[in-house]
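Asker: This is the structure I want to talk about, given as structure tokens.
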Amino acid sequence: MNDERRQKLEQTTRYDPAEVEGRVFSEWVEGGYFHPEAEGSPEHNFSVAIPPPNVTGALHMGHALNGSMQDALVRMNRMRGRNALWILGTDHAGIATQSVVEKELKKEGKSRHDLGREAFVERVWEWKAEYGSRIVEQYKRLGASCDYERERFTLDEGYVTAVYRVFKQLYDKGYIYRDNYMVNWDPGSHSAISDLEVENKEVEDTLYSIDYPVADSDRVLTVATVRPETMLGDTAVAVNPSDERYGDLVGQFCELPLVGRRLPIIADEHVDPEFGTGALKITPGHDPNDFEIGRKHGLEELVVIGPDGRLTAEAGERFAGLTAAEAQEAVVAALREEGRLRAEEPYVHSVPFSHRSGERIEPLISLQWFCRMDELAGPAIAAVESDEVRIAPGQWKRVYLDWMREIRPWCVSRQLWWGHRIPVWYCDPCEETIVAESTPQGCGACGGELRQEEDVLDTWFSSAIWPFATLGWPAETPELRAFYPTSFLTTAREILFLWVARMIMMGIEFPGAIPFRDVYVHSVIQARDGRRMSKSLGTGIDPLDEISVHGADALRFGLLAMSSTQDVRFSDAKVEQGRDMTNKLWNASRLILLNAAEVEPAPRPLHVEDRWILSRLERTIASVTEKLETYDFAHAVQEAYSFFWRDLCDWYLEIVKPRLYDGEEEVSATLLHVLERLLALLHPTMPFVTEEIWSFHPARRGHLVVHAFPVADQSRFDDAAEADVEDGIALTQRLRAWRDLAGVPAGAMLVALIDGVEPPEFVARLSRFEFDGVGAEPVASVGPVRVLASEQLDAAAVAERLDKRREELRDEVERAERKLGNEGFVAKAPVEVVEEERGKLERYRAELAELA
RNA sequence: GGGCGCGUAGCUCAGUGGGAGAGCGCUCGCUUCACACGCGAGAGGUCGCUGGUUCGAAACCAGCCGUGCCCACCA
11 MNDERRQKLE
21 QTTRYDPAEV
31 EGRVFSEWVE
41 GGYFHPEAEG
51 SPEHNFSVAI
61 PPPNVTGALH
71 MGHALNGSMQ
81 DALVRMNRMR
91 GRNALWILGT
101 DHAGIATQSV
111 VEKELKKEGK
121 SRHDLGREAF
131 VERVWEWKAE
141 YGSRIVEQYK
151 RLGASCDYER
161 ERFTLDEGYV
171 TAVYRVFKQL
181 YDKGYIYRDN
191 YMVNWDPGSH
201 SAISDLEVEN
211 KEVEDTLYSI
221 DYPVADSDRV
231 LTVATVRPET
241 MLGDTAVAVN
251 PSDERYGDLV
261 GQFCELPLVG
271 RRLPIIADEH
281 VDPEFGTGAL
291 KITPGHDPND
301 FEIGRKHGLE
311 ELVVIGPDGR
321 LTAEAGERFA
331 GLTAAEAQEA
341 VVAALREEGR
351 LRAEEPYVHS
361 VPFSHRSGER
371 IEPLISLQWF
381 CRMDELAGPA
391 IAAVESDEVR
401 IAPGQWKRVY
411 LDWMREIRPW
421 CVSRQLWWGH
431 RIPVWYCDPC
441 EETIVAESTP
451 QGCGACGGEL
461 RQEEDVLDTW
471 FSSAIWPFAT
481 LGWPAETPEL
491 RAFYPTSFLT
501 TAREILFLWV
511 ARMIMMGIEF
521 PGAIPFRDVY
531 VHSVIQARDG
541 RRMSKSLGTG
551 IDPLDEISVH
561 GADALRFGLL
571 AMSSTQDVRF
581 SDAKVEQGRD
591 MTNKLWNASR
601 LILLNAAEVE
611 PAPRPLHVED
621 RWILSRLERT
631 IASVTEKLET
641 YDFAHAVQEA
651 YSFFWRDLCD
661 WYLEIVKPRL
671 YDGEEEVSAT
681 LLHVLERLLA
691 LLHPTMPFVT
701 EEIWSFHPAR
711 RGHLVVHAFP
721 VADQSRFDDA
731 AEADVEDGIA
741 LTQRLRAWRD
751 LAGVPAGAML
761 VALIDGVEPP
771 EFVARLSRFE
781 FDGVGAEPVA
791 SVGPVRVLAS
801 EQLDAAAVAE
811 RLDKRREELR
821 DEVERAERKL
831 GNEGFVAKAP
841 VEVVEEERGK
851 LERYRAELAE
861 LA
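Residue numbers for the first sequence follow this note's numbering, so the first one is 11 and each next one is one higher.
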């Protein structure tokens, strides 16, 4: 350390993350530490594919937690000398990105249709070029050690190749097909969306009961509906086959009010005889259940509501052109007028909404592309059942399996412009359909001109191949050979089905191997009040703000410390605890670095406390490592905290200060050794402050980011030293407490004698006692310490203190006696437990006798 | 309707069969030569309720109450 550096260390009494983080991060990037060569095998390397954030996105707490966990593991494995790759990139996020640019256009008074498809897509690319890297920059603020040189985008050139290859192969296998089918139509984004993008919410509607007259009879069938406007598309009325009330009507017809259409009365198991009158109107065009029933019975599928949410000509000229809401009003009015409305009552039920746009889903029949999932699901189920892919915590494994076993076809087409345009071409003259990986020259059959499918693929279709497409698949790249399968994936549970399940299926189908070994489903960080963190609710907490105020290490520590398997509320206190820790790390390091003699770091124990701290250090290394390896980040960081704060700072540093100030070589070497190992241990979770401190460490040969990760040295475990020092600490605390309660001034030195074995030297010093007192009368006992009378002591306060202690001891003795007096306990409890209890009882009795 | 969680100190949370813990907050005392983002000492809990298993339950089982999430096509 030169004079300038030493001066900086001396003068900086407070750790300043803002001054450190940018500088240190640049050093890492310039050092190329985050960019591994594509060498070695996946078994020896360590790789993680980041859950690609949306290009439109800003870093939120979920990313920050997720990133802190991934970075901890990537850094730990990099320090272990493994080739560690953290793949970074962003997702084109079809609907989200398209909406952002459409909003921009709207400010200019234009719509995407004014621009036309090509110009609009061009415009989105421009937007992406300008704003799309924001979130990547934010990951850097967090300290994420991603490979920024290998950044990918789900719409970049190579990625499109991979997506088209996948589509074509699934099509050739017969999994992908086109069909007219009931889909979730999102009127907000004007597109079909998948089941997984639908969110059910409780809504209060009105349940209308409507009389449908039975043809050639004076009977009526009363049906109930919350959407009377859909009756215009009714093509049947159904009853349960076992329902005796209607048995004679099955096969007959009734007449649809307002329209006059003859509706067959059919029998279907799906109808619940208990609900309402037990008669169900069937609208195959606008209700998923009715659609199923309609297909089963070969009913006509009338479309009376169009994709624009307005009634179609099919609904009759009286209603055509109205919005669904207007039509509902008109239909109800007309029914009332005709005396067909039997009842209206408030009705609470759950209704599907678009997760994307928030609008109420309009179930529609439309021509879409689907992917059959059964065949893909089989091996993906087996992989998880056999723990080839391990999902933790355990309950999520079952959730995954349950969902996979019930998997349904996936609607993969979206009526958007921004995304992977589906690689299908149609030849209108000869009605040929061509699926190809690249644009065909013309129709092979008739040579005619081709027209590409207008729809794009669901964004999740491209994210499903993320772990291997990012490594260059379908080309056989060195990256793919070195880093696939990846090692680890961490994710929020909300995308377990949307993303994780699909990656497993695609990984097995295409590269032919699972995409990752371990999946860890992390907790959700809620707002401080327990609500969801969300921008629209105004409950979001910006990780960048936290980093600006407290530093990235503080936020990382806080998030890891508060994370667990259950959802937790964001805790400012935990981030502040992390901030305090960075500051204290800095200051404890200053104490060591500025005072240590010039020696090589090495364990050189002279006293019991030296053996103790070395033992505690190695045990902490073992334990923290084990917890990181099992994704128990919360306990990992809190245990490291507790070793550092309590063992090292509160006790060891206080104990050895005099030796350190004396320039003793042994303690200097030991402290430098402890500091080196501690910095390395903490680096994966608190990378900035540890790297910065390391830059002042005399043993530094290179950056800490590639320093060896410590391996616990079990030969330093020392039960005897730990017991002796822990006893000394306990005695010190009792003496301090005794002083406090007896009202002794903090600075006063007391005199005492030791009865029996001398405790470690530090006990007297840290409790401000002199154990060589002579001549005076003993006034109290604290363990083996006989406190002697002196002018510092107030006799009344001492007496009160003694009374209190006697009271405590009597309680303890009584408790232990009661327990040992229980025959069941003595007979059935393990011997060690009983022996331990006997030992306690003896000690309490002895101390009580002393005080009597 | 099915499934999964949670209910422990004022707050946020650990703790899964042998004497209730952490961080923050609170009280008292410290300008002790690394750190007041600090140091020392404290106060504070019938572990949601009821029953059961056990020598022993915050922990295991059952029921109840409260609360959160996921899945599901009863109009």
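Backbone N, C-alpha and C fix where the C-beta goes; we use that ideal spot for every residue, glycine too.
Report yes or no: do the stretch 146–164 and the stretch 560–568 share at least 3 C-beta pairs separated by less than 8 Å?
Answerer: Short answer: they touch.
Asker: Check whether the stretch 837–845 and the stretch 808–824 touch, using three or more Cβ-Cβ pairs below 8 Å as the test.
Answerer: They do not touch, by the three-pair rule.
Asker: So, at 7 Å on beta carbons, what are the nonlocal neighbours of Ser473 in its own chain, with the 5 sequence-adjacent residues on each side left out?
Answerer: The answer, listed in chain order, is Pro62, Asp101, Thr164 and Trp509.
Asker: Mind pulling the beta strand (DSSP E) runs of 3 or more residues that sit fully within the stretch 510–565?
Answerer: Within the stretch 510–565, the complete beta strand (DSSP E) runs of at least 3 residues are 526–532.
Asker: Report, in whole angstroms, the separation of the C-beta atoms of Asp657 and Arg626, which I expect to be a contact under 8 Å.
Answerer: Between Arg626 and Asp657 the Cβ distance is about 5 Å, and since that is below 8 Å, they are a contact.
Asker: Go ahead and label Asn832 buried or exposed: buried means 16 or more other beta carbons lie within 10 angstroms of its beta carbon, across all protein chains shown.
Answerer: Asn832 should be labelled exposed.
Asker: Going straight from the alpha carbon of Ile551 to that of Lys113, what length do you get?
Answerer: The straight-line gap from Cα to Cα measures roughly 25 Å.
Asker: For Arg370, does the three-state DSSP call read helix, strand or coil?
Answerer: Residue state, collapsed to three classes: strand.
Asker: Since I believe Leu273 is in contact with Asp244 (beta carbons under 8 Å), could you give me their beta-carbon distance rounded to a whole number of angstroms?
Answerer: At roughly 6 Å, the Cβ-Cβ gap stays under 8 Å, so Asp244 and Leu273 are in contact.
Asker: Measure from the alpha carbon of Arg305 to the alpha carbon of each residue in Gly783, Gly316, Asp278 and Glu489, then state which is nearest.
Answerer: The shortest Cα separation from Arg305 among Gly783, Gly316, Asp278 and Glu489 belongs to Asp278.
Asker: Quick one: what does DSSP say Ser423 is sitting in, helix, strand or coil?
Answerer: Reduced to three states, the DSSP call for Ser423 is strand.
Asker: Inspect the CB distances between the stretch 208–219 and the stretch 380–391 and report whether three or more fall short of 8 Å.
Answerer: No: fewer than three Cβ pairs fall under 8 Å.
Asker: Which of the three DSSP states, helix, strand or coil, is assigned to Lys594?
Answerer: Three-state result, Lys594: helix.
Asker: Please classify Phe285: is it buried, with 16 or more other beta-carbons within 10 angstroms of its beta-carbon, or exposed?
Answerer: Exposed, since its Cβ has fewer than 16 Cβ neighbours within 10 Å.
Asker: Are the stretch 126–141 and the stretch 172–190 touching, with three or more C-beta to C-beta distances below 8 Å?
Answerer: Taking 8 Å as the limit for Cβ pairs, the verdict is that the stretch 172–190 does not touch the stretch 126–141.
Asker: By how many angstroms is the C-alpha of Gln21 removed from the C-alpha of Glu14?
Answerer: One C-alpha to the other measures close to 11 Å.
Asker: By Cβ distance, which residues of its chain are closer than 6 Å to Leu603, with the 5 residues on each side in sequence left out?
Answerer: For Leu603, where only same-chain residues beyond five positions count, the Cβ hits under 6 Å are Phe706.
Asker: With DSSP as the reference, please indicate the residues paired to Lys211 in a beta bridge.
Answerer: Bridge partners of Lys211: Val361.
Asker: Tell whether a beta-carbon distance below 8 Å holds between Trp38 and Val699.
Answerer: No, Cβ-Cβ distance for Trp38 and Val699 is not below 8 Å.
Asker: Can Ile203 and Ser376 be called in contact, C-beta distance under 8 Å?
Answerer: For Ile203 and Ser376, no; Cβs fall outside 8 Å.
Asker: Check for me: the alpha helix (DSSP H) holding Val233 runs from which residue to which?
Answerer: Per DSSP, Val233 belongs to no alpha helix (DSSP H); it is in the beta strand (DSSP E), Val230 to Thr235.
Asker: Nearest by alpha-carbon distance to Arg855: which of Ala826, His617, Arg90 and Val836 is it?
Answerer: Measuring from the Cα of Arg855, the nearest candidate turns out to be Ala826.
Asker: So which of Glu49, Arg24, Asp750 and Arg16 has the shortest CA-CA distance to Pro488?
Answerer: Among Glu49, Arg24, Asp750 and Arg16, the Cα nearest to that of Pro488 belongs to Glu49.
Asker: Can Val434 and Glu463 be called in contact, C-beta distance under 8 Å?
Answerer: For Val434 and Glu463, yes; Cβs fall inside 8 Å.
Asker: Report the option in Gly568, Leu830 and Arg527 whose CA atom is closest to the CA atom of Arg589.
Answerer: Checking every option, the nearest Cα to that of Arg589 belongs to Gly568.
Asker: Closer than 7 Å by C-beta to Leu547: which residues in its own chain qualify, once you throw out the five before and the five after it? Chain order, please.
Answerer: The answer, listed in chain order, is Arg541.
Asker: Between the Cα of Gly41 and those of Lys829, His713 and Thr449, spot the shortest distance and give me the residue it belongs to.
Answerer: The shortest Cα separation from Gly41 among Lys829, His713 and Thr449 belongs to His713.
Asker: Could you compute how far the alpha carbon of Arg122 sits from the alpha carbon of Leu115?
Answerer: Rounded to the nearest angstrom, the two C-alpha atoms are 7 Å apart.
Asker: Quick one: any contact between the stretch 789–800 and the stretch 739–751, if contact means 3 or more CB pairs under 8 Å?
Answerer: Cβ pair count under 8 Å is three or more, so yes.
Asker: I want to know whether the stretch 633–653 touches the stretch 77–97 - three or more CB-CB distances under 8 Å.
Answerer: The stretch 633–653 vs the stretch 77–97: in contact.
Asker: Output yes or no for whether 8 Å exceeds the beta carbon distance between Pro720 and Arg687.
Answerer: Yes, they are a contact pair.
Asker: To which residues does DSSP link Leu351 through a beta bridge?
Answerer: Ile220, per the DSSP bridge assignment.
Asker: So, is Asn55 buried or exposed, given that buried needs 16 or more other C-beta atoms within 10 angstroms?
Answerer: Looking at its Cβ environment, which holds 16 or more other Cβ atoms inside 10 Å, Asn55 is buried.
Asker: Along the chain, where does the beta strand (DSSP E) that runs through Trp96 open and close?
Answerer: Note, Trp96: beta strand (DSSP E), Ala94 to Ile97.
Asker: How about Ala393 and Ile475: are their beta carbons less than 8 Å apart?
Answerer: In this structure, Ile475 does not lie closer than 8 Å to Ala393 by Cβ.
Asker: Please classify His717 as buried or exposed, where buried requires at least 16 neighbouring CB atoms within 10 angstroms.
Answerer: Answer is buried; the Cβ neighbour count reaches 16.
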